[in-house]
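**Q** Here the sequence shown stands for residues -10 to 369, numbered as in the numbering used here.
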Amino acid sequence: MAEQCGPALRWEELPEGPVLVLLDQTRLPAEEVELVCTDVPALVAAIQSLAVRGAPLLGIAGAYGVALAAARGFDVADAAEQLAHARPTAVNLAYGVRRVEEAYKAAMARSGNGSQRAAAQALAEARALHREDAEASARLSEYGNELLGELVPGGGLRLLTHCNTGVLVSGGQGTALGVVRAVHQAGELRKLWVDETRPLLQGARLTAYEAAREGMPYSVLSDNAAGSLFAEGEVDAVLVGADRIAADGAVANKVGTYPLAVLARHHEVPFVVVAPVTTVDLTTERGSDIEVEQRPGHEVTEIPPVHRTGGGPETGGGIPLAPVGAQAYNPAFDVTPPDLVTAIVTDRGVISPVTADTVAELCSTSRKGTSRTRNGMMNA
């Protein structure tokens, strides 16, 4: 059996107190190094430096961060504020933080300021979120695999993906890459095309790392080579994740996703988004309302050092690619309009066509007893 990637995040009880242990994703694939966070500022730094990343995992990390503050006697409200705003685009981060913060506050009210009991409740809530994400991941893989069988019958799929969306971003098997894994295990994956995903190469470094461990047939390509693949008829479907989905169905995902959607539409290739329903933000009405995180320019103008020690996301120190002082445009995400999205696969089922009405209808359904219908909505 293929070797499995280790957990990207775990809670540990040490003699000196609880800690949150993270797999430092900035070191992959060269080496597997763990970061030990004893407080919220350390976790915020890990989030901002992308040592821990990916929408579902950020939600889990934020949840455990609040529990860590509660367990160690720090100011929980202040910790929650720091964590919720560590990265503005990924809605799961704020969701995980606020969910555990509310559980903590409710326990404090019930126990008459019994902080130890409230801290235990916060940890229980974080663990529940972690478990739910693993369960959601399994459903995403099932629904996505079924959908691909309908969209591209005959098997032997050639799938293109962007950024990293597997076990490194989830409490389970991931989102888009979890679907690819299901296709592979069914013997139906002919080729996985892995966008390198500039400027930080999450595809070349992380998706290829996961694909190699799973024994998938894969090839890494430069982002700007995707058009040639489409033109040669080498892509059967595009699978990507999401960091926020607006109420109108617009999708914010790693920068470079929108051009893929345009290419897919031009070449009549299905473009499928895979994300848990917690990534849908009904309070964000339109894609144009999504706040897109702007990253430091040195990520574009430098090759990063092999091992970055200390500092936050503003730390440079890499090998220059551009003249000293060159300005850079470095949005972390772009927004794909709903009319370019063939379907959104969630843990409650598949949305297709993608409209404000179909998004709202799916979000109103019960988590239990749902199944995907041909028009994309759910039978409760």
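We treat Cβ as the ideally placed atom computed from N, Cα and C, and that holds for glycine.
Give me the Cα-Cα distance between Glu2 and Leu118, rounded to the nearest whole angstrom.
**A** 19 angstroms
**Q** Would you kindly work out how many angstroms separate the C-alpha atoms of Ala107 and Met97, rounded to a whole number?
**A** 5 angstroms
**Q** Which value, in whole angstroms, describes the spacing of the CA atoms of Gly222 and Glu114?
**A** 47 angstroms
**Q** Between Val371 and Arg147, what straight-line distance do the alpha-carbon atoms span, to the nearest angstrom?
**A** Nothing in the structure corresponds to residue 371, since the chain is present only between -10 and 369.
**Q** DSSP puts Cys26 in a beta bridge; with which residues?
**A** Leu9
**Q** Taking C-alpha atoms, which residue in Val141, Val55 and Val158 lies nearest to Val227?
**A** Val141
**Q** Take Pro320 and list the residues in its own chain whose beta-carbon comes closer than 8 angstroms to its own, dropping the five residues that flank it on each side.
**A** If the five residues before and after Pro320 are omitted, its C-beta is found closer than 8 angstroms to the C-beta atoms of Val244, Val281, Glu282, Gln283 and Arg284, all from its own chain and listed in chain order.
**Q** Between Val41 and the rest of its own chain, which residues show a CB-CB distance below 6 angstroms, the 5 nearest in sequence each way excluded?
**A** Leu11, Ala35 and Ala50
**Q** Out of Tyr132, Ala311, Cys352 and Leu157, state which residue places its alpha-carbon closest to the alpha-carbon of Thr267.
**A** Cys352
**Q** Name, in chain order, the residues that DSSP records as bridge partners for Ala392.
**A** What the structure shows of the chain is the stretch from -10 to 369, and residue 392 is not part of that stretch, so it cannot be assessed.
**Q** Within 8 angstroms, do at least three Cβ pairs link the stretch 192 to 212 to the stretch 130 to 141?
**A** no
**Q** Please work out which residues of its chain come closer than 6 angstroms, Cβ to Cβ, to Ile370, disregarding the five sequence neighbours upstream and downstream, and give them in chain order.
**A** Past the boundaries of the shown model lies residue 370; the chain is included only from -10 to 369, so the question cannot be answered.
**Q** What residues match up with Lys243 in a beta bridge as DSSP calls it?
**A** Phe322
**Q** Output yes or no for whether 8 angstroms exceeds the beta carbon distance between Asp225 and Val172.
**A** no
**Q** What do you get for Ile333, buried or exposed, if any count of 16 or more other CB atoms within 10 angstroms of its CB means buried?
**A** buried
**Q** For Tyr318, count neighbouring C-beta atoms within 10 Å of its own C-beta (all shown protein chains included) and say buried if the count is 16 or more, exposed if not.
**A** exposed
**Q** Start and end of the beta strand (DSSP E) containing Phe63?
**A** Careful: Phe63 lies outside any beta strand (DSSP E) and carries neither H nor E.
**Q** Are the Cβ atoms of Glu185 and Gly176 separated by less than 8 angstroms?
**A** Cβ atoms of Glu185 and Gly176: not closer than 8 angstroms.
**Q** Is it buried or exposed, Val330, if we count other Cβ atoms within 10 angstroms and call 16 or more buried?
**A** buried
**Q** Would you mind giving the Cβ-Cβ distance between Gln14 and Leu39, rounded to the nearest angstrom? I have them listed as a contact below 8 angstroms.
**A** 6 angstroms
**Q** DSSP puts Val141 in a beta bridge; with which residues?
**A** Val141 pairs with nothing; no bridge assigned.
**Q** Please report the Cβ distance between Thr196 and Asn242, rounded to the nearest whole angstrom; I am assuming they are in contact, meaning their Cβ atoms lie under 8 angstroms.
**A** About 14 angstroms separates the two Cβ atoms, so there is no contact after all.
**Q** Go ahead and pull the three-state DSSP assignment for Ala165.
**A** helix
**Q** When you compare only the Cα positions, how much space is there between Gly314 and Phe322?
**A** 24 angstroms
**Q** Using DSSP with H/G/I as helix, E/B as strand and the rest coil, what is Leu178?
**A** Under the three-state reduction of DSSP, Leu178 is assigned to strand.
**Q** Quick check on this structure: which residue in Pro(-4), Pro327 and Pro30 has the alpha carbon closest to the alpha carbon of Val22?
**A** Pro(-4)
**Q** Which first and last residues belong to the alpha helix (DSSP H) in which Ala83 is found?
**A** Val80 to Ser100
**Q** Quick check: Thr273 and Gly230, are their CB atoms within less than 8 angstroms of each other?
**A** Against a cut-off of 8 angstroms, the Cβ pair of Gly230 and Thr273 comes out as no contact.
**Q** Roughly how many angstroms separate the alpha carbons of Glu350 and Gly160, rounded to a whole number?
**A** 26 angstroms
**Q** Under the DSSP definition of a beta bridge, which residues are partnered with Glu2?
**A** Pro7
**Q** Pick helix, strand or coil for Arg170, following the three-state DSSP scheme.
**A** helix
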